[in-house]
Amino acid sequence: MQMTIETLGKLERRLVMEVPHDQIEREVEDRLRQMARTVRLHGFRPGKVPMKIVTKQFGPQVRSEVIGAAVEKSFGDAVRNQNLRVAGYPRIEPKSDGDGNSLAFSATFEVYPEIAIGDLARTTVERPTIEVGAAEVDKTIEILRKQRAALVPVNRAAARDDRVTLDFDGLHEGVAFDGGSSRNFSFVVGEGRMLADFDRNVEGMTPGSTRTFDVAFPANYGAKDLAGKVASFTVTLHRVEEPKLPGLDAEFSRSLGVASGDLEEMRVQIRENLEREVRKRVQVKLKDQVMKALVESTPLDLPNSLIDMEIQGLIETAKRDLASRGVKAPGVALPPDLFAEQAKRRVALGLIVSELVRANGLQAKPEQVRAVVDDLAQSYEDAGEVVTWYYSDPKRLQDVEGNVLEDNVVSWVMERANVVDTAVAFDDLMRNQQ
Numbered sequence: 020m021q022m023t024i025e026t027l028g029k030l031e032r033r034l035v036m037e038v039p040h041d042q043i044e045r046e047v048e049d050r051l052r053q054m055a056r057t058v059r060l061h062g063f064r065p066g067k068v069p070m071k072i073v074t075k076q077f078g079p080q081v082r083s084e085v086i087g088a089a090v091e092k093s094f095g096d097a098v099r100n101q102n103l104r105v106a107g108y109p110r111i112e113p114k115s116d117g118d119g120n121s122l123a124f125s126a127t128f129e130v131y132p133e134i135a136i137g138d139l140a141r142t143t144v145e146r147p148t149i150e151v152g153a154a155e156v157d158k159t160i161e162i163l164r165k166q167r168a169a170l171v172p173v174n175r176a177a178a179r180d181d182r183v184t185l186d187f188d189g190l191h192e193g194v195a196f197d198g199g200s201s202r203n204f205s206f207v208v209g210e211g212r213m214l215a216d217f218d219r220n221v222e223g224m225t226p227g228s229t230r231t232f233d234v235a236f237p238a239n240y241g242a243k244d245l246a247g248k249v250a251s252f253t254v255t256l257h258r259v260e261e262p263k264l265p266g267l268d269a270e271f272s273r274s275l276g277v278a279s280g281d282l283e284e285m286r287v288q289i290r291e292n293l294e295r296e297v298r299k300r301v302q303v304k305l306k307d308q309v310m311k312a313l314v315e316s317t318p319l320d321l322p323n324s325l326i327d328m329e330i331q332g333l334i335e336t337a338k339r340d341l342a343s344r345g346v347k348a349p350g351v352a353l354p355p356d357l358f359a360e361q362a363k364r365r366v367a368l369g370l371i372v373s374e375l376v377r378a379n380g381l382q383a384k385p386e387q388v389r390a391v392v393d394d395l396a397q398s399y400e401d402a403g404e405v406v407t408w409y410y411s412d413p414k415r416l417q418d419v420e421g422n423v424l425e426d427n428v429v430s431w432v433m434e435r436a437n438v439v440d441t442a443v444a445f446d447d448l449m450r451n452q453q
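In my numbering, each residue's number is its place in the sequence shown (first place is 1) plus 19.
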């Protein structure tokens with residue numbers, strides 16, 4: 020079997036293969052002879068079907084299978100002999116320029132790029148620093164109390180943090196509009212759920228009162244017919260309820276899972292949970308910076324086949340997300356260009372991280388995985404049960420291993436980068452990360 024390899028570009032290659040006719044014919048004949056021993060056809064006993072009939076019935080299919088297997092083997096042998104790392108799938112096509120004694124095929128494919136990690140000493144990584152103290156614990160306790168507050172009806176003007184129940188009717192240029200009216204509608208004043216003008220005008224109303232006022236819709240409002248417009252609302256307030264916080268006592272402590280009800284033990288557990296959450300968020304910020312630095316410092320020629328596969332994966336993920344929101348994916352056109360840049364970054368990052376892990380032995384070690392699982396389990400009442408839950412499913416454990424691997428990469432980069440500690444406010448760090 021003859022083969023030659025051509026270089027078509029930085030990553031693109033073409034392998035030309037020739038498979039001798041007599042080799043194909045011998046293999047086809049052998050397979051048909053084996054089939055003839057067991058094949059069943061109407062009118063013949065098993066194993067008694069004439070060879071001519073077997074050849075006529077199954078010959079074309081067997082020949083196609085034999086040629087496919089020969090080409091696949093030839094391609095695999097060439098890849099191994101040349102130490103090629105094939106990216107994606109080859110495009111195999113027949114050629115018409117054989118020598119008459121063989122079948123010629125070409126396989127066009129891409130190879131993985133050579134990866135040389137850039138100079139990370141020029142990279143600056145800002146490491147957030149924060150200390151969880153008594154003030155942060157106190158603030159968290161107040162948030163937990165508000166989450167467990169009981170709503171008590173009051174006969175006074177609505178104030179911030181009160182829950183109000185009301186009817187409203189909205190008109191734009193004297194005409195009612197979709198979503199502009201509701202009955203027994205409830206929301207918390209000052210929570211930000213309603214438009215600012217609506218929220219501000221409801222504040223100060225008393226139960227049983229009615230008020231008419233204008234509300235300005237922002238220019239980027241979701242309903243285009245109302246964006247940047249002003250509507251008039253008439254509101255009738257039915258009920259005002261104020262939150263009554265639970266007492267800071269043993270009962271409250273037990274509601275947070277502290278069996279003894281001891282307040283000091285509760286504070287210790289809250290502080291430990293906060294410190295665990297702070298570590299997690301700091302690590303996320305570090306990981307974002309490190310991954311960005313790796314991509315920016317390590318220019319790569321990316322295989323188009325991997326980019327195309329990544330784009331298709333992103334499209335499928337987007338369709339599933341749309342379906343979960345009630346949008347039927349088949350009716351939604353998602354252009355590949357919309358995902359191209361994200362796909363390129365993901366492919367580049369995947370290649371770089373894989374090379375770092377391979378070259379520096381950064382794979383997740385069992386003891387590292389167990390340490391992460393133990394840490395995750397600490398925030399639950401029955402830590403042992405949580406550990407068993409993780410180790411009972413390889414997929415769950417695989418997710419943990421992936422996170423540990425990324426943490427190893429972060430640590431490796433930070434040993435070589437310029438790391439600057441930057442103090443951050445507790446509230447800034449704890450805001451939802453985008």
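C-beta atoms are modelled at their ideal positions from N, C-alpha and C, and glycine is treated no differently.
Bear in mind the structure is a predicted one, so any value in this text is a computation, not a measurement.
What's the gap between the Cα of ASP157 and the Cα of SER272?
-> If you number the sequence shown from 1, residue 157 lands on position 138. If you number the sequence shown from 1, residue 272 lands on position 253. The straight-line gap from Cα to Cα measures roughly 13 Å.
Are the Cβ atoms of LEU357 and LYS338 separated by less than 9 Å?
-> Within the sequence shown, numbered from 1, the residue matching residue 357 stands at position 338. Within the sequence shown, numbered from 1, the residue matching residue 338 stands at position 319. No, they are not a contact pair.
In angstroms with no decimal places, state the Cα-to-Cα distance between ILE162 and GLY198.
-> For the purposes of this step, residue 162 is taken as residue 143 along the sequence shown, with counting starting at 1. For the purposes of this step, residue 198 is taken as residue 179 along the sequence shown, with counting starting at 1. Going from the Cα of ILE162 to the Cα of GLY198 covers about 32 Å.
Out of VAL429, MET328, LEU395, state which residue places its alpha-carbon closest to the alpha-carbon of GLY418.
-> Within the sequence shown, numbered from 1, the residue matching residue 418 stands at position 399. Going by the sequence as given, residue 418 is Asp instead of Gly. Cα-wise, what sits closest to ASP418 is LEU395.
Find out if the Cβ-Cβ distance for the pair MET310, LEU368 is shorter than 9 Å.
-> Residue numbering aside, residue 310 sits at position 291 when the sequence shown is read from its first letter. Residue numbering aside, residue 368 sits at position 349 when the sequence shown is read from its first letter. For MET310 and LEU368, yes; Cβs fall inside 9 Å.
Mind the definition here: the stretch 136-147 touches the stretch 51-63 only if three or more C-beta pairs lie below 8 Å; say whether that holds.
-> No, because fewer than three Cβ pairs between the stretch 136-147 and the stretch 51-63 fall closer than 8 Å, the two stretches do not touch.
Anticipated Cβ contact below 8 Å, MET36 with PHE94, distance rounded | For the purposes of this step, residue 36 is identified with residue 17 of the sequence shown, where counting begins at 1. For the purposes of this step, residue 94 is identified with residue 75 of the sequence shown, where counting begins at 1. Between PHE94 and MET36 the Cβ distance is about 7 Å, and since that is below 8 Å, they are a contact.
DSSP three-state assignment for LYS384, whether helix, strand or coil = Walking along the sequence shown from the start, residue 384 turns up at place 365. Correct three-state label for LYS384: coil.
Would you tell me roughly how many angstroms separate the C-alpha atoms of THR49 and GLY66, rounded to the nearest one?
-> Within the sequence shown, residue 49 is the residue found at index 30, counting from 1. Within the sequence shown, residue 66 is the residue found at index 47, counting from 1. It should be pointed out that residue 49 corresponds to Asp in this sequence rather than to Thr. Rounded to whole angstroms, the gap between the alpha carbons of ASP49 and GLY66 is 15 Å.
Kindly indicate the opening and closing residues of the beta strand (DSSP E) around ASN437.
-> In the sequence shown, counting from the first residue as 1, residue 437 sits at position 418. Per DSSP, ASN437 belongs to the beta strand (DSSP E) from 437-442.
Measuring alpha carbon to alpha carbon, tell me which of GLY421, ALA126, ALA402, ARG164 ends up nearest GLU270.
-> Position 251 of the sequence shown, counting from 1, holds the residue named residue 270. Of the candidates GLY421, ALA126, ALA402, ARG164, the one whose C-alpha sits nearest the C-alpha of GLU270 is ARG164.
Contact under 9 Å by Cβ, LEU381 with VAL428 | The count along the sequence shown starts at 1 and reaches residue 381 at position 362. The count along the sequence shown starts at 1 and reaches residue 428 at position 409. In contact: LEU381 and VAL428 (Cβ atoms closer than 9 Å).
With a CB to CB cut of under 8 Å and the five nearest residues on each side skipped, what residues in its chain are close to MET54?
-> Numbered from its first residue, the sequence shown carries residue 54 at position 35. Contacts found: VAL73, PHE77, VAL81.
Consult DSSP for ASP233 and reduce its assignment to one of helix, strand or coil.
-> Position 214 of the sequence shown, counted from the start, is the residue given in the question as residue 233. Of the three classes helix, strand and coil, the one that applies to ASP233 here is strand, per DSSP.
Starting from the C-beta of TYR410, find all residues in its chain whose C-beta is less than 7 Å away, skip the five residues before and the five after it, and write them out in chain order.
-> Here residue 410 corresponds to residue number 391 of the sequence shown, with the count starting at 1. The beta carbon of TYR410 lies closer than 7 Å to those of LEU416 in the same chain, with the five residues before and after it left out.
Give a yes or no on contact between the stretch 255-267 and the stretch 177-197, applying the rule of three or more CB pairs nearer than 8 Å.
-> As far as the Cβ criterion goes, the stretch 255-267 touches the stretch 177-197, which means the pair count is three or higher.
Identity of the residue in ARG344, VAL301, TRP431, ARG179 nearest LYS440 by Cα = Along the sequence shown, one-based indexing puts residue 440 at 421. The residue asked about is misnamed: residue 440 is Asp in this sequence, not Lys. If we check each option's Cα against that of ASP440, VAL301 comes out closest.
The stretch 276-289 contacting the stretch 83-101, beta-carbon criterion three pairs below 8 Å = Not touching, per the Cβ criterion.
Hey, out of GLU210, ILE326, VAL90, VAL173, whose CA is closest to ARG179's CA?
-> As a first step, residue 179 must be located in the sequence shown, where it is residue number 160. Per the Cα distances, GLU210.
What whole-angstrom Cβ distance do ALA126 and PRO109 have, given they're in contact under 8 Å?
-> Reading the sequence shown from its first residue, position 107 is the one you call residue 126. Reading the sequence shown from its first residue, position 90 is the one you call residue 109. Rounded to whole angstroms, the Cβ separation of ALA126 and PRO109 is 4 Å, and the two are in contact under 8 Å.
When the distance is taken between beta carbons, is ALA378 closer than 9 Å to ALA140?
-> In the sequence shown, counting from the first residue as 1, residue 140 sits at position 121. In the sequence shown, counting from the first residue as 1, residue 378 sits at position 359. Going by C-beta atoms, ALA140 is not nearer than 9 Å to ALA378.
Assign VAL297 to buried or exposed, taking buried as 16 or more other Cβ atoms, counted over all protein chains shown, within 10 Å of its Cβ.
-> Here residue 297 refers to the residue found at position 278 when the sequence shown is read from its first residue. Looking at its Cβ environment, which holds 16 or more other Cβ atoms inside 10 Å, VAL297 is buried.
Report the residue ranges of all alpha helix (DSSP H) runs contained in full by the stretch 179-262; include only those spanning at least 4 residues, in chain order.
-> The stretch 179-262 contains these whole alpha helix (DSSP H) runs: 215-221.
For THR159, does the count of other Cβ atoms within 10 angstroms reach 16, so buried, or fall short, so exposed?
-> As a position in the sequence shown, residue 159 is number 140, starting the count at 1. Buried: at least 16 other Cβ atoms inside 10 Å.
If we count the other Cβ atoms within 10 Å of its Cβ and call it buried at 16 or more, is SER343 buried or exposed?
-> Stepping through the sequence shown from its first residue, residue 343 is reached at position 324. So SER343 ends up on the exposed side.
Residues near ALA246 by beta carbon distance below 8 Å, same chain, minus five either side = As a working mapping, residue 246 is identified with position 227 in the sequence shown. These residues qualify, in order along the chain: PHE236, PRO237, ALA238, ASN239, TYR240.
Using a Cβ-Cβ cut-off of 8 Å (strictly less than) and excluding sequence neighbours within five positions of ALA444, which residues of its own chain qualify?
-> Taking the first residue of the sequence shown as 1, we reach residue 444 at position 425. Correct list, in chain order: ILE149.
Collapsed DSSP secondary structure at PRO147 in the structure displayed | As a first step, residue 147 must be located in the sequence shown, where it is residue number 128. Of the three classes helix, strand and coil, the one that applies to PRO147 here is strand, per DSSP.
By the 10 Å Cβ neighbour count, where 16 or more other Cβ atoms means buried, how is GLN453 classified, buried or exposed?
-> In the sequence shown, counting from the first residue as 1, residue 453 sits at position 434. Model confidence at GLN453 stands at a pLDDT of 41, short of 50, so the residue's coordinates are unreliable and nothing is read from them.
Under 8 Å by Cβ, that's how I've got ASP393 and VAL406 pegged, so tell me the actual separation to the nearest angstrom.
-> One-based indexing of the sequence shown puts residue 393 at position 374. One-based indexing of the sequence shown puts residue 406 at position 387. In this structure ASP393 is in contact with VAL406, their Cβ atoms being roughly 7 Å apart against a cut-off of 8 Å.
For ARG33, which residues from the same chain have a beta carbon less than 6 Å from its beta carbon, with the 5 sequence-adjacent residues on both sides left out?
-> Here residue 33 refers to the residue found at position 14 of the sequence shown. The residues GLU25, LEU27, SER125, THR127, in chain order, have a CB closer than 6 Å to that of ARG33 in the same chain once the five nearest residues on each side in sequence are set aside.
Nearest-angstrom Cα distance between TYR399 and ILE289?
-> Your numbering for residue 399 matches position 380 in the sequence shown. Your numbering for residue 289 matches position 270 in the sequence shown. The alpha-carbon atoms of TYR399 and ILE289 are separated by roughly 12 Å.
Around the Cβ of VAL346, are there at least 16 other Cβ atoms within 10 angstroms (buried) or fewer (exposed)?
-> The residue you call residue 346 lines up with position 327 of the sequence shown. Flag for VAL346 reads exposed.
Measure how close the beta-carbons of ARG182 and GLU260 come, nearest whole angstrom, since I'm counting them as under 8 Å.
-> Position 163 of the sequence shown holds residue 182. Position 241 of the sequence shown holds residue 260. Right, their Cβ atoms sit about 5 Å apart.
Endpoints, the beta strand (DSSP E) within which TYR108 is located = Here residue 108 refers to the residue found at position 89 when the sequence shown is read from its first residue. 105-114 is the extent of the beta strand (DSSP E) around TYR108.
Sequence-distant residues of its chain with Cβ nearer than 8 Å to SER324 (five each side left out) = In the sequence shown, the residue the question calls residue 324 occupies position 305. ALA106, GLY107, TYR108, PHE128, GLU129, listed in sequence order.
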